[in-house]
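Have a look at the structure below, then the notes.
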Amino acid sequence: MKTISLNNIIQFQIPENWISEQDEDFTLFYEDSPDSATLRVQTLLFSVQNTEQLIQQKLAESNTFVLQNGLPCAFKREQSEENGEILEIDFWDITIPISDTQIAICCFSYTILAEQASQEHFIQEREMINHAICYADFFQAK
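In my numbering, the protein residues as written are 0 to 141.
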């Protein structure tokens, strides 16, 4: 595994053989093989009135769970069609307090072909990605 650090906000691990690439908005990670999964990561910064209040609102949302470090993580799984292929996409949005009036949202998405969802390789890879996200190191406000 290799450690990835993005924007001084998050550090997480991905397989050593995965390639990283920057596009307009996201950093992409994938194995260099046909029909491999793609992990996209983006960090966004926002000014807010009250960081603590926003965190509490996020924690109250039904699709949100609490990471081991106490941060709220919203999760959803969706299907989408692209170029005639059905994709299955997992989304994680983690809200990170930066200061009393600033937050970062770290957005992850993991995309596979829907037909791959029951294949053991992708089941294990999906579990590995979920673990990497849930146990990532995030910026800690002082």
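Note that the Cβ used here is the ideal one computed from N, Cα and C, for glycine as well.
The structure displayed is predicted, hence computed values, not measured ones.
- K75 is classed as exposed because its beta carbon has fewer than 16 other beta carbons within 10 Å across all chains shown.
- When beta bridges are read from the DSSP output, Q139 appears opposite no residue.
- In the structure shown, A116 falls within a coil segment according to DSSP collapsed to helix, strand and coil.
- Following the DSSP letters along the chain, one finds I54 inside the alpha helix (DSSP H) bounded by residues 50-59.
- Inclusion of C106 and L66 in the CB contact set at 8 Å is not warranted, their separation being larger than that value.
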